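Trainee: Residue numbers (my numbering): 59 to 277.
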Amino acid sequence: MINIALDGPAGSGKSTVAKIIAKDLDILYLDTGAMYRACGLKCKKEGVSVKDEEKVRPIIENIDLKIEYKDGAQVTVLDGVDVSSEIRKPEISMLASDVSALRCVRLKMVEMQRKIAGKMDCVLDGRDIGSFVLPKAEYKYYVTADSKIRAERRYKELTERGETVDFDALHEEIKRRDYNDSHRDFAPLTKAADAKVIDTSEMTARQVADEIIADVKER
């Protein structure tokens with residue numbers, strides 16, 4: 059069983075890299091961030107603050123969330139509806155960062171992630187895959203980059219989708235997410251002790267993926 063853990067902060071390029079790796083190695087790609095985004099969206103639809111754990115808990119315990127695949131691409135289905143595009147909006151990004159700090163949410167999503175990873179070869183990207191979700195994964199990587207560069211990447215991604223985005227606000231949002239993700243009490247963003255660090259600031263996603271694939275094949 060091949061499980062590749064790819065961790066890193068927002069905008070580090072891990073999702074793009076993970077998709078390339080999955081395609082080249084013909085394995086599954088599990089975007090764990092999409093799962094937390096879906097949780098944030100669900101709370102928003104229910105009118106519940108993502109910081110109120112007592113109210114969030116029953117919503118998450120009964121959430122109808124499914125991860126499906128269509129033509130090799132992950133589809134996030136919430137309450138029977140494909141929300142793959144809706145969860146990419148900036149407002150949902152911050153909700154995801156806040157809701158993922160809740161222990162009840164983290165445990166529920168990690169349970170789902172471990173079940174998927176236990177059934178098939180896959181590459182997972184997130185904040186705590188190598189340190190918490192799959193601590194025994196053989197292949198662990200931590201990708202990072204300067205916050206401004208990460209903001210530029212996210213800005214390009216969003217504007218190419220036709221969204222109107224303020225760069226400075228986006229940069230501040232990413233820095234806030236970095237702080238939130240790194241300082242939450244339960245399963246914070248962290249580099250696993252045995253993970254290989256890759257600074258992607260001056261690298262393309264293809265170059266990063268090639269480095270990881272070469273490393274996997276060498277072992």
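Even glycine gets a Cβ: it sits at the ideal position worked out from N, Cα and C. Please read all numbers here as calculations on a predicted model, not as lab measurements.
In terms of residues, what are the limits of the beta strand (DSSP E) holding residue 134?
Mentor: Start and end: 131 to 136.
Trainee: Which stretch, first to last residue, makes up the beta strand (DSSP E) that contains residue 61?
Mentor: Element bounds for residue 61: 61 to 65.
Trainee: Thinking just about the alpha-carbon of each residue, which of 123, 250 and 258 is nearest to the one in residue 197?
Mentor: Looking at the Cα atoms, 250 is the closest of the given residues.
Trainee: Tell me which residues share the same chain as residue 240 and place their Cβ nearer than 7 Å to its Cβ, disregarding the 5 neighbours each side in the sequence.
Mentor: Result list for residue 240: 246 and 247, in chain order.
Trainee: Just to check my reading of the structure: residue 232 and residue 189 have Cβ atoms closer than 8 Å, yes? What is that Cβ distance to the nearest angstrom?
Mentor: 21 Å between Cβ atoms; not a contact.
Trainee: I want to know whether the segment 150 to 158 touches the segment 98 to 112 - three or more CB-CB distances under 8 Å.
Mentor: The segment 150 to 158, when compared against the segment 98 to 112, does touch it at the 8 Å Cβ threshold.
Trainee: Note the first and the last residue of the continuous alpha helix (DSSP H) segment covering residue 157.
Mentor: Taken as a continuous stretch (DSSP letters only), the alpha helix (DSSP H) holding residue 157 covers 148 to 157.
Trainee: How far does the beta strand (DSSP E) with residue 266 in it extend, from its first residue to its last?
Mentor: Careful: residue 266 lies outside any beta strand (DSSP E), inside the alpha helix (DSSP H) at 263 to 276.
Trainee: According to DSSP, which residues form a beta bridge with residue 181?
Mentor: In DSSP, residue 181 forms a bridge with 62 and 87.
Trainee: Quick one: is residue 88 buried, meaning 16 or more other Cβ sit within 10 Å of its Cβ, or exposed?
Mentor: It is buried - the Cβ of residue 88 has at least 16 other Cβ atoms within 10 Å.
Trainee: With the cut-off set at 8 Å, would you say residue 244 and residue 161 are in Cβ contact?
Mentor: It is a contact, given that the beta carbons lie within the stated cut-off.
Trainee: Let me check understanding here. Comparing Cα to Cα, which of 211, 126 and 141 lies closest to residue 98?
Mentor: It is 141 whose Cα lies nearest to the Cα of residue 98.
Trainee: With distances taken from CA atoms, which of 174, 94, 149 and 211 is nearest residue 136?
Mentor: Among 174, 94, 149 and 211, the Cα nearest to that of residue 136 is on 94.
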